[in-house]
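What follows is one structure encoded as structure tokens, with my remarks underneath.
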């Protein structure tokens, strides 16, 4: 199965899981069927479908948008939300489960690295799957200069950083702090 088809199937399955999770939340809320959702703007692509579903079920869905780090601030305060939909669950772990009752990962978003075609060809990155170890090797051998977005302020930077740490640790299923020593 090619990568594009796998990605499309993955998006469709993610959408079904989102609707399922939303339905589960609805079953535990009060009889007036209101649902207050705090969401990252990255999720706007799915929101029309979620709003349509909510209307079909007689649910008054109110959505407030904030970036993931802003969401953390809102959750640390006394704000009450029925659900939170972040673009990356890694930020939720910073809350130490203070207000998180249940968390489910519903999708995995790839980090895409842009390289000029001529450079990618010279690194032999065009005719095979590329892994973090390949990128790190090219950087280490000074064949590739690499910059990335902030690790502490962006999902892309954080995800890339964790991916590199995972590769350096031998690609374990779970990366632990002991592996980073």
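Numbering (the working numbering), first residue to last: 214 to 394.
Where a beta carbon is used, it is the ideal one built from N, C-alpha and C, also for glycine.
Where residue i sits in the DSSP three-state scheme
i, result
"residue 338", "coil"
"residue 296", "strand"
"residue 249", "strand"
"residue 358", "coil"
"residue 275", "strand"
"residue 333", "helix"
"residue 301", "coil"
"residue 254", "helix"
"residue 371", "helix"
"residue 321", "coil"
"residue 327", "coil"
"residue 389", "coil"
Classification of residue i by the beta-carbon crowding that lies within 10 angstroms, buried from 16 upward
i, result
"residue 272", "buried"
"residue 348", "buried"
"residue 258", "exposed"
"residue 288", "buried"
"residue 340", "exposed"
"residue 372", "buried"
"residue 342", "exposed"
"residue 391", "exposed"
"residue 368", "buried"
C-beta atoms of residue i and residue j nearer than 8 Å
i, j, result
"residue 285", "residue 298", "no"
"residue 300", "residue 253", "yes"
"residue 336", "residue 357", "yes"
"residue 370", "residue 380", "no"
"residue 264", "residue 251", "no"
Supposed close pair residue i, residue j - CB separation, criterion 8 Å
i, j, result
"residue 376", "residue 325", "Rounded, the Cβ-Cβ distance is 12 Å, inconsistent with contact."
"residue 295", "residue 249", "5 Å"
"residue 302", "residue 316", "6 Å"
"residue 359", "residue 352", "5 Å"
"residue 282", "residue 366", "7 Å"
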